[in-house]
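**Q** In full-length UniProt numbering, the protein residues as written are 1 to 63.
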């Protein structure tokens with residue numbers, strides 16, 4: 001936890017990629033820990049994939 005605090009309070013050295021990776025890590029931990037969050041993430045990708053298929057005329061293999 002102290003390493004995370006040092007990273008967040010450091011004034012230089014962070015890039016947007018580092019913050020994106022940190023956000024991704026937090027999202028993955030939340031998805032694994034909370035069943036409701038995990039299901040919402042899966043549903044979002046399923047719905048997003050279907051909408052992308054409709055827009056492009058492609059098939060991603062989702063139901």
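Beta carbons: idealized from backbone N, C-alpha and C, even for Gly.
Residue 18 by DSSP, collapsed to three states: which one?
**A** Here residue 18 is taken as the residue at index 18 of the chain shown, counted from 1. Three-state result, residue 18: helix.
**Q** From residue 57 to residue 47, what distance separates their C-alpha atoms?
**A** Start at 1 with the first residue of the chain shown, and residue 57 comes out as number 57. Start at 1 with the first residue of the chain shown, and residue 47 comes out as number 47. About 15 angstroms.
**Q** Enumerate in chain order the residues of its own chain whose CB-to-CB distance from residue 31 is below 7 angstroms, with the five nearest sequence positions on each side excluded.
**A** Within the chain shown, the letter at position 31 stands for residue 31. Once the five neighbours on either side are set aside, the close Cβ partners of residue 31 are 37, 38, 41.
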